[in-house]
Structures are given as C-alpha cells and as structure tokens.
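Chains as they are written, first to last, in the working numbering: chain A, 1 to 139; chain B, 1001 to 1114. Glycine included, every Cβ here is placed at the ideal spot set by N, Cα and C. First the structure, in the form of structure tokens, and then the observations on it.
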Amino acid sequence: MNQIELHLPNSLGYEKVAMESAAATARLAGFSEDRIEDLKTAVGEACINAIEHGSKNRATERLLLTLTVEEDRLLVDVHDKGERYSISGGRPDIGARIAGKMPSRGWGTFLMKSLVDALEVTSTDEGNTTRMVIFLHRT
Amino acid sequence: MDQKPLVTVIPKGQISVLDIKGDVTSFAEEPISKAYQQVTKNDSRKILLKFNQSNYINSAGIAIIISMVSDAQKAKQKIGVSGLSNHFRKIFDMIGLVDYVEIYDSEEEALAKL
C-alpha cells in the first residue's frame, strides 16, 4: 500500500492541485484516462465542499488530502477541520433550475456520487472527511 | 492568482460566439455574464458557447451555464455548444444540460446548423 498526504491552503483554486495530484497517482496506479478525468472532477468537488462548507474559506486553515493506493482501487480522503456539514441526496432537477424555480447551484454531490464508486462524508467535532473510492476497473 | 477565464465575443453572421478560454468555475460568473449581457443587448438570437480552450468545469461553473441557459430561454435565444472534451460532454449528459442546448462537434458545424 502506498499513501500520499498533501496539505493544501484552504482557498478556492487549490482544489486543482489536489486534482492533479490525484490524477498523477491514479496514472501511476494504471487507471485509464477517462477514469482519471472522473476522479479529478470528484476530488475537485470534495475540496470545494471542504473549503466552502467546512472551513468556510478561512485562510488560517488547511485541507488534508490523503491518497491511498491499493491493489485494485484508490482511496481519496479530503479532510477539513471546519464545522459539520452534510451532503444532499438525489439528482438535482435541472428543469426546475432552467425554469428559474430554484437556484442553479447544487451539483457537487451529484457529480461526486456519479463519478466515483463509493462516497461517504463523516462529520465529527474535529472536522469533516469525504472519502471516495474509485476502482481500477469499474464494476 | 487570477482565475477568471477570458471570454471573447466574436460575431459571426447571425450567431454570437462566446469563446471561453480558461476554467469554468465560480470565477467565471462575471466574464460569462458580461459577455451574455453584451450579446443580448445587441439583440443576438443565437449564441454559441465555444469550449475548445477550457479544460475544467466544476459544479459552480455548471450553475453559471444553467443560469445563462435559463435567461436565454426567457429571452427566446437559442444556445449552441461546441468544442466539448469527452469529459465535458459526459458531464453535460449526466446533468441533463444536453436537453436544453444544441451540441455540435465543431464550430463550423454549429455555424452551419444553429
């Protein structure tokens, strides 16, 4: 098992550093380019959630990205030390958004759930961890 | 660091091309909205969003595009999209945006068919 830890500034834009690190790790582990693109998008959304909803854009805090390479899968943990937050459920209604009946935002969790094989957010008094699992070969 | 994409408005006949260079994230709201307002002020009925020079869209960027499509529907404008990477296309399919915009493989095809 190989593990990589990366501490990132709690600021929008640095999710791209997390995305590229995850992509490089997945490439080394033999993931296909289309799976790597899925992973990058999901990792970006997890970081944005942590920055905006967990640590509320506070510049004094850091995000911790942990990448764990296993034989047939990659585990990605995004941890912040901010306030508890929960993720929303199902598929957002694009029709209602196009009709202007509700705000157009709210796609992050849906994208993460759709693009990785497993997603779990754990919140405690010490912060929040988003764990994503992506298999080398999608089942 | 400046994370705003550059959005250039290029009139091509009856179609206004919005050429987006850079990431489509929350930082894209101002340049995309300004470009849309400019072409709407000029009474453009057909708008092509060109993504050839854009490699990253996130949920906030998706929301900006949805908001623009929503405004365009109210203004009876037609929106086309070209230059999508395979991953962008997958995301547009996934969220259902393909039901509200016309997708073209190239700018040339869009200019001929939009």
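| Query | Result |
| --- | --- |
| Relative to the alpha-carbon of Asp-38 (chain A), which residue among A:Asn-128, A:Thr-122, A:Lys-113 has its alpha-carbon at the smallest distance? | A:Lys-113 |
| Sorted by chain position, which residues of the same chain lie with C-beta nearer than 7 Å to Trp-107 (chain A)'s C-beta, five sequence neighbours on each side aside? | Pro-92 |
| List, in order along the chain, the chain A residues whose C-beta lies closer than 9 Å to that of Ser-1106 (chain B)? | Here the premise fails: no neighbours, minimum Cβ distance about 21 Å. |
| Between which residues of its own chain and Gly-1013 (chain B) is the CB-CB distance below 8 Å, once the five residues before and five after are set aside? | Leu-1111 |
| I'd like to know if Arg-138 (chain A) contacts chain B, where contact means its C-beta is closer than 7 Å to some C-beta of that chain. | no |
| Consult DSSP for Tyr-1104 (chain B) and reduce its assignment to one of helix, strand or coil. | strand |
| Beta strand (DSSP E) containing Pro-9 (chain A): first to last residue? | 2–9 |
| Exposed or buried, which one is Ile-1168 (chain B) when buried takes at least 16 other CB atoms within 10 Å? | With chain B covering 1001 to 1114 only, the question about residue 1168 (chain B) has no answer from this structure. |
| By Cβ distance below 6 Å, which residues in the same chain neighbour Ile-1032 (chain B) in space, the five residues on each side in sequence not counted? | Val-1007, Ile-1064 |
| Can you tell me where the beta strand (DSSP E) with Gly-127 (chain A) in it begins and where it stops? | 127–135 |
| Identify the residues that DSSP records as bridge partners of Thr-1117 (chain B): which are they? | Chain B is shown from 1001 up to 1114; residue 1117 (chain B) falls before or after that span and cannot be answered. |
| Beta carbon of Gly-54 (chain A), beta carbon of Asp-80 (chain A): below 7 Å? | yes |
| Looking at the secondary structure, which residues open and close the alpha helix (DSSP H) in which Thr-25 (chain A) lies? | 15–28 |
| So is Asp-1105 (chain B) buried or exposed if we call it buried at 16+ other beta carbons inside 10 Å? | exposed |
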